[in-house]
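Q:
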Amino acid sequence: SQQGEEDPQALSIQEGENATMNCSYKTSINNLQWYRQNSGRGLVHLILIRSNEREKHSGRLRVTLDTSKKSSSLLITASRAADTASYFCATGGQAGTALIFGKGTTLSVSS
Amino acid sequence: EAGVAQSPRYKIIEKRQSVAFWCNPISGHATLYWYQQILGQGPKLLIQFQNNGVVDDSQLPKDRFSAERLKGVDSTLKIQPAKLEDSAVYLCASSLDRAMNIQYFGAGTRLSVL
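See the structure below:
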């Protein structure tokens, strides 16, 4: 079953704009991760935020986590055409348990 | 460092035929996963191995799917017989750290069942 639900399902923006996508989940988590998938490729890990963290940055990426609302957001600043991809949130439970992926947000960045 | 290797990249078969996919994880990664990704959806876990033992196969359709990881390194996923609804991308991933479980994915095998 899929735990995370990303919103929006699809997002189209211009180069240089910021892109924000959200993820909601249902059960308690150990950590939440975001992955990117380019068309026809495997998933690539972007960033991980632990359940006791509220915000994390990595380059142009900013992730927030609100465990009281069971939600997370991924912000990509100054988007580039190369950011065009599908983005998935994945929740991790107890150590050793598998991640559960959401359905993803498809981001299109036009130049 | 070499990534997760999968083969073949593409496979087209007719329903009721059998098919097998192969995965070689990143060296040293004890945990290996097989996922099914249907078009427009996120990956769904089929089976998780820790070394050569099965940790979670609760979502594996065991009447037609089987997987093994002999010697705790590479792995094979088999479907026999295939159904139309098995058309999907089959992704293999591996992980070094079970606690945080950051996963490294292969490029996947795209299966079309006609």
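These protein sequences, in sequence, are chains A and B. Following my numbering, the residues of the first sequence are numbered contiguously, the last one being 128. Following my numbering, the residues of the second sequence are numbered contiguously, the last one being 194. Where a beta carbon is used, it is the ideal one built from N, C-alpha and C, also for glycine. What you are looking at is a predicted structure, and each value in this text was computed from that prediction instead of being measured.
With 16 other CB atoms within 10 Å as the buried threshold, where does P123(B) fall?
A: Flag for P123(B) reads buried.
Q: What residue range does the beta strand (DSSP E) around V80(A) cover?
A: Counting along the chain, the beta strand (DSSP E) containing V80(A) begins and ends at L78 to D83.
Q: Per DSSP, what are the beta-bridge partners of N104(B) in this structure?
A: Answer is A85(B), bridged to N104(B).
Q: Cβ closer than 9 Å: which chain B residues qualify as neighbours of K120(A)?
A: By Cβ distance, chain B contributes G120, Q121 and G122.
Q: Do the stretch 81-101 of chain B and the stretch 39-51 of chain A make contact, defined as three or more Cβ pairs closer than 8 Å?
A: They do not touch, by the three-pair rule.
Q: Would you tell me roughly how many angstroms separate the C-alpha atoms of Y113(B) and L63(A), rounded to the nearest one?
A: Answer to the nearest angstrom: the Cα atoms are 19 Å apart.
Q: Give the DSSP-derived three-state secondary structure of D100(A) in the structure shown.
A: Residue state, collapsed to three classes: helix.
Q: What does the alpha-carbon distance come out to for the pair V153(B) and S107(B)?
A: Each residue's alpha carbon lies about 8 Å from the other.
Q: Is there a Cβ from chain A that is less than 8 Å from the Cβ of Q160(B)?
A: Not closer than 8 Å to any Cβ of chain A, the Cβ of Q160(B) fails to qualify, so no.
Q: How close, in whole Å, do the beta carbons of G188(B) and L171(B) come, if the pair is a contact with beta carbons under 8 Å?
A: 5 Å between Cβ atoms; contact.
Q: Would a check of beta-carbon distances place A168(B) closer than 8 Å to chain A?
A: No, no contact with chain A.
Q: Kindly list, in the order they appear in chain B, the residues whose Cβ is closer than 8 Å to that of Q31(A).
A: Neighbours of Q31(A) on chain B: none; closest Cβ ~25 Å, over 8 Å.
Q: Comparing the C-beta of N181(B) with each C-beta of chain A, is any distance below 8 Å?
A: Interface residue, yes.
Q: Between V135(B) and chain A, is any beta-carbon pair separated by less than 8 Å?
A: With 8 Å as the cut-off, V135(B) counts as an interface residue toward chain A.
Q: Give every residue of the same chain whose Cβ lies closer than 6 Å to the Cβ of S155(B), excluding the five residues on either side of it in the sequence, and list them in chain order.
A: For S155(B), where only same-chain residues beyond five positions count, the Cβ hits under 6 Å are C103, L112 and R149.
Q: Expressed to the nearest angstrom, what Euclidean distance is found between the alpha-carbon atoms of L126(B) and L65(A)?
A: Each residue's Cα considered, the two are about 23 Å apart.
Q: Can you tell me which of the three DSSP states D154(B) falls into?
A: Correct three-state label for D154(B): coil.
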